[in-house]
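Report on the following structure.
There are 2 protein chains.
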Amino acid sequence: MKDLNDLFVHLLKDVYYAERQILKALPKMAKAAGTAELKKAFESHRSETEGQIERLQQVFEMIEKPARGIKCEAIEGLVEEAKEVMEEAETPEVMDAGLLAAGQAVEHYEMARYGTLIAWAGQLNLPKAAKLLEQNLVEEKNADKLLSDIALRAVNKKAA
Amino acid sequence: MKDLNDLFVHLLKDVYYAERQILKALPKMAKAAGTAELKKAFESHRSETEGQIERLQQVFEMIEKPARGIKCEAIEGLVEEAKEVMEEAETPEVMDAGLLAAGQAVEHYEMARYGTLIAWAGQLNLPKAAKLLEQNLVEEKNADKLLSDIALRAVNKKAA
Numbered sequence: 001m002k003d004l005n006d007l008f009v010h011l012l013k014d015v016y017y018a019e020r021q022i023l024k025a026l027p028k029m030a031k032a033a034g035t036a037e038l039k040k041a042f043e044s045h046r047s048e049t050e051g052q053i054e055r056l057q058q059v060f061e062m063i064e065k066p067a068r069g070i071k072c073e074a075i076e077g078l079v080e081e082a083k084e085v086m087e088e089a090e091t092p093e094v095m096d097a098g099l100l101a102a103g104q105a106v107e108h109y110e111m112a113r114y115g116t117l118i119a120w121a122g123q124l125n126l127p128k129a130a131k132l133l134e135q136n137l138v139e140e141k142n143a144d145k146l147l148s149d150i151a152l153r154a155v156n157k158k159a160a
Numbered sequence: 161m162k163d164l165n166d167l168f169v170h171l172l173k174d175v176y177y178a179e180r181q182i183l184k185a186l187p188k189m190a191k192a193a194g195t196a197e198l199k200k201a202f203e204s205h206r207s208e209t210e211g212q213i214e215r216l217q218q219v220f221e222m223i224e225k226p227a228r229g230i231k232c233e234a235i236e237g238l239v240e241e242a243k244e245v246m247e248e249a250e251t252p253e254v255m256d257a258g259l260l261a262a263g264q265a266v267e268h269y270e271m272a273r274y275g276t277l278i279a280w281a282g283q284l285n286l287p288k289a290a291k292l293l294e295q296n297l298v299e300e301k302n303a304d305k306l307l308s309d310i311a312l313r314a315v316n317k318k319a320a
């Protein structure tokens, strides 16, 4: 990797791969979730993820590169952790707490990645790409916030 | 996993493993960093990480479990990405931008994990453990903020 452009393309491919892995994992997480609220959160984030993948494809077009992913070990590990939860949770309470935690770890990973991509797009003078990536970042932040709220409501409900 | 306590212990072991991997990776990242500022940031976060590991050991003591890690695929993947940067960066500029990005992805992972552990410690009525974990979370947030500031200063300096 010789310059910032190489880094940007590499990370874009990494995130593209990650989003497609997440797209495959979310329906399984929605199916496993115990409460209607969490199911709905995963399902609606699945639709959002489709839109995010389209935005990434637009960014690839802007920089005139084919939209291709490269295997990203970190997201593999994060999705693996969600699978572990689904296999090992013995009660609906443990399942939902574990899925919420796995979901938030994924959102934080994406938030870090989009933050970096937006900074690099700025440096590379790609304001339109930065804007699309910013939209994805906002959605990830909102998804993380929603999962936090669901976790908090579950705690309060149990305490009441 | 039968209850929230099982989940808490599992995630605590996961984070304990992660922090020890990070402790090993940081001196390599400091050595590879091109600017004195980034070197210093990684070095001082290495010292902080030692303190964080000690706090995790205290939490293990509080719940009367041996301080043991379990392999965490996500952090393996994140550390792998930092290694890739160190192997493939051909210029100091690319090296530092890549290391900053890798460092921030690690910080975000930890922020997500400590956020979850603190919520669970609250539910399990472990306020002292929650307080120790909160200290780690604050340090991770500050480390992430410092890396963002370094990245921003590098951009502004280049633009000037």
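Which chain is which? The protein sequence lines are A and B, in order. Numbering of the first sequence is given in this note's numbering, commencing with residue 1 and proceeding in unit increments. Numbering of the second sequence is given in this note's numbering, commencing with residue 161 and proceeding in unit increments. All residues carry an ideal CB built from backbone N, CA and C; glycine is no exception.
Could you give the first and the last residue of the continuous alpha helix (DSSP H) run that contains Asp174 (chain B)? 164-192
Residue burial classification, Ala36 (chain A) (beta-carbon count within 10 angstroms, cutoff 16): Burial call: exposed.
Would a C-beta distance cut-off of 7 Å place Glu93 (chain A) and Glu140 (chain A) closer than the cut-off? no
As assigned by DSSP and simplified to three states, the class of Asn136 (chain A): helix
For Arg113 (chain A), report the span of its alpha helix (DSSP H) as first-last. 92-123
By alpha-carbon positions, which one of A:Ser148, A:Ala101, A:Leu147, A:His108 ends up nearest to Leu171 (chain B)? A:Ala101
Counting contacts by CB-CB distance shorter than 7 Å, is Lys2 (chain A) in contact with chain B? yes
Assuming Ala201 (chain B) and Leu307 (chain B) form a contact by the criterion Cβ under 8 Å, report the distance between their Cβ atoms to the nearest whole angstrom. 7 Å
Of the listed residues B:Ala257, B:Arg206, B:Leu293, B:Thr251, nearest to Glu241 (chain B) (C-alpha basis): B:Ala257
Selection of the region 256-274 of chain B by Cβ proximity to chain A, strictly under 7 Å: Ala257, Gly258, Ala261, Gln264, Ala265, His268, Tyr269, Met271, Ala272, Arg273
Could you tell me whether the Cβ atoms of Leu99 (chain A) and Val79 (chain A) are closer together than 7 Å? no
Skipping 5 residues on each side, what residues in its chain have a beta carbon closer than 7 Å to that of Lys65 (chain A)? Its chain contains Val9 as the residues whose beta carbon lies nearer than 7 Å to that of Lys65 (chain A), once the 5 sequence neighbours on both sides are disregarded; these appear in chain order.
In the region 70-83 of chain A, which residues sit with their C-beta less than 8 Å from some C-beta in chain B, listed in chain order? Cys72, Glu73, Ala74, Ile75, Glu76, Gly77, Leu78, Glu80, Glu81
Under 8 Å by Cβ, that's how I've got Ala190 (chain B) and Glu210 (chain B) pegged, so tell me the actual separation to the nearest angstrom. With a Cβ gap of about 14 Å, Ala190 (chain B) and Glu210 (chain B) do not count as contacting.
Taking all protein chains shown into account, do 16 or more other C-beta atoms lie within 10 angstroms of the C-beta of Val175 (chain B), making it buried, or fewer, making it exposed? buried
By the criterion of Cβ-Cβ separation under 8 Å, what are the contact partners of Leu171 (chain B) in chain A? Ala101
Compute the Euclidean distance between the alpha carbons of Gln212 (chain B) and Gln283 (chain B), then round it to the nearest angstrom. Near 22 Å, if we compare the C-alpha coordinates of Gln283 (chain B) and Gln212 (chain B).
Short of 8 Å in beta carbon distance, which residues of its chain neighbour Leu7 (chain A), apart from the five on each side in sequence? Order them along the chain. Met1, Trp120
Give the DSSP-derived three-state secondary structure of Ala89 (chain A) in the structure shown. Ala89 (chain A) falls in the coil class under three-state DSSP.
Is the beta carbon of His268 (chain B) sitting closer than 7 Å to the one on Ala112 (chain A)? Yes, they are a contact pair.
Whole-angstrom distance between Leu137 (chain A) and Asp144 (chain A), CA atom to CA atom: 11 Å
Determine the chain A residues that contact Val254 (chain B) at a beta-carbon separation under 9 Å, and present them in chain order. Met1, Lys2, Asp3, Leu4, Asp6, Leu7
Under the rule that 16 or more other beta-carbon atoms within 10 Å means buried, what is Lys173 (chain B), buried or exposed? buried
Quick one, are the C-beta atoms of Ile230 (chain B) and Tyr177 (chain B) less than 7 Å apart? Taking 7 Å as the cut-off, the Cβ atoms of Ile230 (chain B) and Tyr177 (chain B) count as close.
Less than 7 Å between the C-beta atoms of Arg215 (chain B) and Leu186 (chain B), yes or no? no
Take Gln104 (chain A) as the anchor and find which of B:Gln264, B:Leu277, B:Ile182, B:Met255 has the nearest alpha-carbon. B:Leu277
Just to make sure I have the definition right: I need the residues of chain B whose C-beta is within less than 7 Å of the C-beta of Arg121 (chain A). Which are they? Sequence check: residue 121 (chain A) is Ala here, not Arg. Within 7 Å Cβ-Cβ: nothing; Ala121 (chain A) doesn't reach chain B, min ~12 Å.
Helix or strand or just coil, what does DSSP make of Lys131 (chain A)? helix
According to DSSP, is Glu224 (chain B) helix, strand or coil? coil
Can you pull the chain B residues whose beta carbon is under 7 Å from the beta carbon of Ala143 (chain A), in chain order? Going along chain B, no residue has its Cβ under 7 Å from Ala143 (chain A), so there is no contact; the nearest lies around 12 Å.
State yes or no: is the beta carbon of Glu221 (chain B) nearer than 7 Å to at least one beta carbon in chain A? no
Can you tell me whether Glu179 (chain B) is buried or exposed, with buried defined as 16 or more other CB within 10 angstroms of its CB? buried
Rounded separation between Glu61 (chain A) and Glu76 (chain A) - CA only: Put simply, the backbone Cα of Glu61 (chain A) is about 26 Å away from that of Glu76 (chain A).
Compile a chain-ordered list of the residues in the region 201-222 of chain B whose CB is closer than 9 Å to at least one CB of chain A. none
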